[in-house]
Amino acid sequence: MENYKPLLELFNAHLNSYLKELDKKQPRELYDPENYILSLGGKRIRPLLALIGCDLFDKSPSYSLNAALSVELFHNFSLIHDDILDKAPLRRGMPTVHSKWNTDIAILSGDVMLVKAFDVLKNYEATKLSSLLSLFASTSIEVCEGQQMDMNFETQQNVSVNDYLQMITYKTAVLLGCSLKMGAICAEADTENQNHLYEFGKHLGIAFQLMDDVLDAYADDGKFGKQVGGDIIANKKTFLLLKAFELAEASQKNNLTALLNEKDSTLKVKGVLNVYDQLNIKNISEKEADIHTQEALKHLKAVTASESKKKELERLAMQLLNRQS
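What follows is the structure, encoded as structure tokens:
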């Protein structure tokens, strides 16, 4: 990330200018929550990818600043609404928007952020604007579809591994691909290069979510940033759980089903992990993540751009996956 510090600083300066303008708007109940969630921080990975997607083709990353702001506004809009759906009290260690204000305000503030995510693109010239809007609209729809699929999984009995992979592709991965492709559009890269960058980001996002599933079950408490085993405790249908049910023999399936109803969290996590270990689920999940990592890198290699800049982007990808290149 260190080598991308100038790009992050460029985006943060642009975001700060946006927030200053936001401070002038009324009514405050509509705009204060937007300012609040945008100021909570985070890695700013999506806007960074938009700037990288432009810089990769040796065009000034400033050309993609509004595209970067667009994806960041959309991402934070989705966080406000996801927190409402999940009834989450905290976001990045701070009260969620609906907790700090109320649900009605959170919904409306999220709504205006979604509109603004499209509005900030309006100053691009017509040819670029058409491509940006088409990509951004289709991605936005897919993210919502992915969120609905995830909610459906909570009560759906028969969820396959392929269903899960489709869900994380829509809910998480497509916005990473979109961010990179929007940057490439701003740089006037050709369609083939745009699509390779999109596929790189998409497969990176899938691999990232799969590794996140693994870390939730197996990470050291102090290194993960959230409760280890939380997905198991919540009966969340992750790749690990679905793969375990797919591979388990009858007795193991019965054991898993019983464990999902276990009230003691410690016993539940320990029991499920024991079944995972019997079935080699951790290794299988990591191999699935590696398949998508290698697919991502194949598309990055195919991009016609500076080899040194592509190598730097590969290093960033490996950092995000907590792996060595």
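In the working numbering, the protein residues as written are 579 to 903.
Note that beta-carbon positions come from the ideal geometry of N, C-alpha and C, so glycine has one too.
Local Cβ density within 10 Å of Val693, reported as buried at 16 or more and exposed below that = exposed
Could you spell out the range, first to last residue, of the alpha helix (DSSP H) harbouring Gln872?
-> Ile859 to Ala880
What's the gap between the Cα of Gln744 and the Cα of Gly724?
-> 8 angstroms
Rounded C-alpha distance that separates Glu766 from Leu838 | 51 angstroms
Alpha carbon to alpha carbon, how far is His659 from Thr750?
-> 15 angstroms
Hey, out of Asp798, Phe655 and Met760, whose CA is closest to Leu634's CA?
-> Met760
Of all the alpha helix (DSSP H) runs that stay within the bounds of the stretch 689-745, which reach a length of 4 or more residues?
-> 704-731
So, Leu710 versus Ser640, is the Cβ gap smaller than 8 angstroms?
-> no
Backbone CA spacing between Met672 and Leu618 [nearest angstrom] | 8 angstroms
Contained alpha helix (DSSP H) runs [length at least 4] in the stretch 592-641, N- to C-terminal order | 606-616 and 623-633
Give the secondary structure of Glu580 by DSSP, where H, G and I count as helix, E and B as strand, and everything else as coil.
-> helix
Can the beta-carbon of Ala880 be found closer than 8 angstroms to that of His781?
-> no
Boundaries of the alpha helix (DSSP H) in which Thr747 is found, first to last residue = Segment: none, Thr747 is in no alpha helix (DSSP H) and carries neither H nor E.
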